[in-house]
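Note sheet for the following structure.
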Amino acid sequence: MRRIDQYLKETASGLRRNGVVAFAAMSTAFIALFLFGLALIIAREFSLIITYTTGNVEVQVYLTDTISPSATTTLQQKLQDLPAVESAAYVSKEAACEQAQRLFADNQAFLDNLKNNCDILPASFRVKLKDPALFEQVKAAMACQDQLQAGATVQVCAEPGVLRVQDFSALLKQLNAITHVLQFGVLAIAFVMLGAAVALIANTLRMGMFARRKEIGIMRLVGATNWRIRIPFMIEGLVESLLGAGAAILALFLVKILVIDRLRDQIRFLPWVRNSDVLSIAPLILIAATLIALIAGSIGMRRFLDV
Amino acid sequence: MISLQHVTKTYKNGVTALEDVSVEIEKGEFVFVVGQSGSGKSTLIRLLMKEEEASKGSVYVAGKHLAKISTWKVPYLRRNIGTVFQDYKLLTDKTVFENVAFALEVIGKPKHVLDQRVPEILDYVGLGDKLNNFPDELSGGEQQRVSIARACVNRPLVLLADEPTGNLDPNTSVDIMRLLDKVNRIGTTVVMATHDQAIVDAMRKRVIELDKGHVIRDQSRGVYA
Chain A
1 MRRIDQYLKE TASGLRRNGV VAFAAMSTAF IALFLFGLAL IIAREFSLII
51 TYTTGNVEVQ VYLTDTISPS ATTTLQQKLQ DLPAVESAAY VSKEAACEQA
101 QRLFADNQAF LDNLKNNCDI LPASFRVKLK DPALFEQVKA AMACQDQLQA
151 GATVQVCAEP GVLRVQDFSA LLKQLNAITH VLQFGVLAIA FVMLGAAVAL
201 IANTLRMGMF ARRKEIGIMR LVGATNWRIR IPFMIEGLVE SLLGAGAAIL
251 ALFLVKILVI DRLRDQIRFL PWVRNSDVLS IAPLILIAAT LIALIAGSIG
301 MRRFLDV
Chain B
308 MISLQHVTKT YKNGVTALED VSVEIEKGEF VFVVGQSGSG KSTLIRLLMK
358 EEEASKGSVY VAGKHLAKIS TWKVPYLRRN IGTVFQDYKL LTDKTVFENV
408 AFALEVIGKP KHVLDQRVPE ILDYVGLGDK LNNFPDELSG GEQQRVSIAR
458 ACVNRPLVLL ADEPTGNLDP NTSVDIMRLL DKVNRIGTTV VMATHDQAIV
508 DAMRKRVIEL DKGHVIRDQS RGVYA
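Order-wise, the sequence lines are chains A and B.
Quick note on numbering: the numbering used here labels position 82 of the first sequence as 82, and the sequence is numbered without any gaps.
Quick note on numbering: the numbering used here labels position 74 of the second sequence as 381, and the sequence is numbered without any gaps.
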């Protein structure tokens, strides 16, 4: 207990002596960890959006009006037997009509038009995939190909009874691309800042050791172990990076409340990250902060303590 | 207690500070190491506390072959060796008591040991009434007494002193020598590097004279030259 007390006293006096530099190190750790957390939140948000979009509509297989009930059953079986397919739900012409009526309930002109022509809406299978990246398999199984007819791309399917297969590959690709660019960009900045944080903390430790070189010299002379000399500095680095981590976690909650919650009110059709999502990345930030301190400690004190 | 066998020390810059030095020092001896600046006195002291490694030959201190002590065990060796320097090496922001207590604190001695031993040793060196003074408030001789107290508070087997009277006037030097003699009489082996002729002549102890890294004289009850 007494020893811990000694360590903490030495750490506190070190932080006080190194005030400005310690603050710089802390701020850098804060920015680095904040960006790191932000990258994780962005990743989480986009994974929510992707789950939402692709989870509700993946692949839709539209059917011709001439298909017989037995052929429909066979086709459903064929779709469900595909390794990429999790389920294939049948939507009849009537159901499609009802759905359209519901979707456009507040558009009377459209409804009037629809009443006489609901027949044009095709029946379909809504296919849920095990992995959204595997939609090409469905298209291939239905023997559909994109063909250029009179200057427009038209899909032609060889499988009897199949009109066309609509996939959401383009949307998915775009979402993934945005996710990766944002995530990579923020992570890249975060890593540069993490490096800077390590360097600055290592520097404060080194300055602290330099300021206390006489004390350290005496400690070595009277037989203090290297760990006894190092631990107060390690704690100092840890305190600096953990304070930075605490500030970063608070700042991420602020971003969530001030930015994301406002977007949530305005853009209601998308899912948004919740407090629990922010909370779940807090341990990762604390782990990163601890790593920063350990690396900074081993770099900062490597040369100084050769016996 | 201390044994050097054919020890040569060559520094990285090619300077040979000691060459084929062999010395035996028994437990409880008081030994002066004399010689001009650059004769190798300080190198000898630094070898004994494992601040430097011998390039050739073996150094034994307190029964330990220094070259064979692993790095992490060096601190434990140093707990058996007290060291005193010309510049005292006191911490100016700590009181006399704290300076001495520091030596016990950093090797993990509990508070009750500090509270018992520190006033005891300060009393022994004649500073029982200066516990709460800062080093700046003391004379040079008193500061050196604090440093001797710090070196002895953990009851070392060996006391190494490198020019301990180098900054002191003759009268104060005599006082410091009396104190080192007192420390020696309670069984501590004392090795003192010096070029203070008057002191060596007055003490009539064993004298090892170095010249350009060689032992040119080893004489019991000797004089400086």
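Here a beta-carbon is modelled for each residue, glycine too, at the ideal position from N, C-alpha and C.
Please go through the same chain and pick out, in chain order, the residues whose beta-carbon is closer than 8 Å to the beta-carbon of residue i, but skip the five residues on each side of it.
| i | result |
| --- | --- |
| Asn439 of chain B | Thr402, Val403 and Phe404 |
| Ile523 of chain B | Glu516 and Leu517 |
| Tyr318 of chain B | Ala324 |
| Gln343 of chain B | His502 and Asp518 |
| Met219 of chain A | Arg228 and Ile229 |
| Thr153 of chain A | Asp146 and Gln147 |
| Ile376 of chain B | Lys357 and Leu384 |
Assuming residue i and residue j are in contact, meaning their beta carbons sit under 8 Å apart, how far apart are those beta carbons, in whole angstroms?
| i | j | result |
| --- | --- | --- |
| Glu240 of chain A | Ala29 of chain A | 6 Å |
| Val91 of chain A | Asp167 of chain A | In fact, because the Cβ distance is near 17 Å, the residues do not count as touching under 8 Å. |
| Val453 of chain B | Leu397 of chain B | 6 Å |
| Leu467 of chain B | Ile414 of chain B | Leu467 of chain B to Ile414 of chain B, Cβ: 17 Å. No contact. |
| Val368 of chain B | Leu351 of chain B | Going by Cβ atoms, the distance from Val368 of chain B to Leu351 of chain B rounds to 12 Å, so no, they are not a contact pair. |
| Ala248 of chain A | Ile285 of chain A | 6 Å |
| Lys93 of chain A | Ala123 of chain A | 5 Å |
| Phe34 of chain A | Leu252 of chain A | 7 Å |
| Leu411 of chain B | Met308 of chain B | Contact doesn't hold; Cβ gap of about 23 Å is too wide. |
| Phe337 of chain B | Asn478 of chain B | Going by Cβ atoms, the distance from Phe337 of chain B to Asn478 of chain B rounds to 21 Å, so no, they are not a contact pair. |
| Val407 of chain B | Arg457 of chain B | 5 Å |
| Gly435 of chain B | Pro426 of chain B | 7 Å |
| Gln393 of chain B | Pro471 of chain B | 7 Å |
| Phe36 of chain A | Ala190 of chain A | 4 Å |
Short of 7 Å in beta carbon distance, which residues of its chain neighbour residue i, apart from the five on each side in sequence? Order them along the chain.
| i | result |
| --- | --- |
| Ser527 of chain B | Arg513 |
| Val273 of chain A | Ile41, Arg44, Glu45, Leu48, Lys256 and Ile260 |
| Ala22 of chain A | Leu15, Thr204 and Glu240 |
| Gly347 of chain B | Ala324, Leu325, Leu517 and Gly520 |
| Ile231 of chain A | Tyr7 |
| Ile216 of chain A | Met209 and Ile229 |
| Arg126 of chain A | Gln60, Ala89 and Val91 |
| Val507 of chain B | Phe339, Val341, Thr501, Val514, Val530 and Tyr531 |
| Ser362 of chain B | Thr315, Lys316 and Thr317 |
| Ser349 of chain B | Asp469 and Ala500 |
| Arg264 of chain A | Trp272 |
| Leu129 of chain A | Glu58, Val59, Ala84, Val85, Glu86 and Phe135 |
Using only alpha-carbon positions, find the residue among the options that is nearest to residue i.
| i | options | result |
| --- | --- | --- |
| Asp112 of chain A | A:Arg126, A:Cys97 and A:Ser124 | A:Cys97 |
| Met330 of chain A | A:Gly237, A:Met193 and A:Ala288 | Outside the shown range of chain A (1 to 307) lies residue 330 of chain A, about which nothing can therefore be said. |
| Asn226 of chain A | B:Met510, B:Trp379, B:Pro471 and B:Val420 | B:Trp379 |
| Leu384 of chain B | B:Arg457, B:His372 and B:Phe392 | B:His372 |
| Ser310 of chain B | B:Pro417, B:Val460, B:Glu333 and B:Gly494 | B:Glu333 |
| Gly345 of chain B | B:Glu360, B:Tyr431 and B:Ala500 | B:Ala500 |
| Pro416 of chain B | A:Leu291, A:Val222, A:Asn275 and A:Leu250 | Contrary to the premise, residue 416 of chain B reads as Lys rather than Pro in this sequence. The shortest Cα separation from Lys416 of chain B among A:Leu291, A:Val222, A:Asn275 and A:Leu250 belongs to A:Val222. |
| Thr462 of chain B | B:Arg386, B:Leu429 and B:Asp436 | For the record, residue 462 of chain B in the displayed sequence is Arg; it is not Thr. Cα-wise, what sits closest to Arg462 of chain B is B:Arg386. |
| Ala141 of chain A | A:Gln99, A:Ser13, A:Leu75 and A:Lys173 | A:Leu75 |
| Ile428 of chain B | B:Thr399, B:Val460, B:Val420 and B:His419 | B:Val460 |
| Thr179 of chain A | A:Ala95, A:Ile292, A:Ala39 and A:Gly151 | A:Ala39 |
| Ile50 of chain A | A:Pro271, A:Gln155, A:Val181 and A:Phe184 | A:Pro271 |
| Leu298 of chain B | B:Thr495, B:Lys418 and B:Gln451 | No information on residue 298 of chain B is available, as it lies outside the stretch 308 to 532 that chain B covers here. |
| Gly370 of chain B | B:Asp394, B:Glu331 and B:Tyr395 | B:Glu331 |
| Arg164 of chain A | A:Ala188, A:Cys144, A:Leu175 and A:Met193 | A:Cys144 |
| Ile342 of chain A | A:Val278, A:Asn275, A:Asp277 and A:Ile235 | No statement about residue 342 of chain A is possible, as the shown extent of chain A runs from 1 to 307 and does not include it. |
| Val498 of chain B | B:Thr390, B:Ala374, B:Glu359 and B:Glu360 | B:Thr390 |
Going along the chain, which residues of its own chain have a beta-carbon closer than 6 Å to the beta-carbon of residue i, five neighbours each way excluded?
| i | result |
| --- | --- |
| His313 of chain B | Asp327, Ser329 and Gly364 |
| Val307 of chain A | Because the pLDDT at Val307 of chain A is just 44, under 50, the model does not fix this residue reliably, and the value given afterwards should be weighed accordingly. Same-chain partners within the cutoff: there are none. |
| Ala245 of chain A | Leu33, Ile285, Leu286 and Ala289 |
| Leu171 of chain A | none |
| Tyr431 of chain B | none |
| Ala25 of chain A | Leu200, Ile201, Thr204 and Glu240 |
| Val198 of chain A | Ile292, Ile295 and Ala296 |
| Lys437 of chain B | Val403 |
| Gly494 of chain B | Gly335 |
Find the residues of chain E that neighbour residue i, judging by a C-beta separation of less than 7 Å, and give them in chain order.
| i | result |
| --- | --- |
| Thr11 of chain A | Any reference to chain E falls outside this structure, whose protein chains are A and B. |
Taking 7 Å as the cut-off, is the CB of residue i close to at least one heavy atom of the ligand ADP?
| i | result |
| --- | --- |
| Leu163 of chain A | Absence of the ligand ADP from the depicted structure is noted, as is the absence of any ligand whatsoever, leaving it without description. |
If you pair each beta-carbon of the stretch 283-303 of chain A with each one of the stretch 194-204 of chain A, do three or more pairs fall below 8 Å?
Yes, the stretch 283-303 of chain A touches the stretch 194-204 of chain A.
Evaluate the contact criterion for the stretch 74-84 of chain A versus the stretch 133-153 of chain A: three or more CB pairs, one atom per stretch, below 8 Å.
A contact is defined here as three or more CB-CB pairs under 8 Å, and the stretch 74-84 of chain A meets this definition with respect to the stretch 133-153 of chain A.
Any contact of the stretch 317-326 of chain B with the stretch 432-448 of chain B, i.e. 3+ C-beta pairs under 8 Å?
No, the stretch 317-326 of chain B is not in contact with the stretch 432-448 of chain B.
Answer yes if the stretch 155-166 of chain A comes into contact with the stretch 61-78 of chain A, meaning at least three C-beta pairs across the two stretches below 8 Å, and no otherwise.
Touching, yes.
Can you give, in chain order, each stretch of the beta strand (DSSP E) that sits fully within the stretch 336-395 of chain B and has at least 3 residues?
Those beta strand (DSSP E) runs which fall completely within the stretch 336-395 of chain B and span 3+ residues are 337-341, 363-368 and 388-392.
Ignoring anything shorter than 4 residues or poking outside the stretch 213-292 of chain A, list the alpha helix (DSSP H) runs there in chain order.
With a minimum length of 4 residues, the unbroken runs of alpha helix (DSSP H) contained wholly in the stretch 213-292 of chain A fall at 213-221, 226-255 and 261-266.
Restricting to runs no shorter than 4 residues, where is the alpha helix (DSSP H) found entirely within the stretch 27-83 of chain A?
Taken in chain order, the complete alpha helix (DSSP H) segments of 4 residues or longer contained in the stretch 27-83 of chain A are 69-81.
Along the chain, which unbroken stretches of the beta strand (DSSP E) at least 3 residues long are found entirely within the stretch 385-455 of chain B?
Runs found: 388-392.
Threshold first: 3 residues or longer. Then list the beta strand (DSSP E) segments lying entirely within the stretch 118-151 of chain A, N to C.
Correct list: 124-129 and 144-149.
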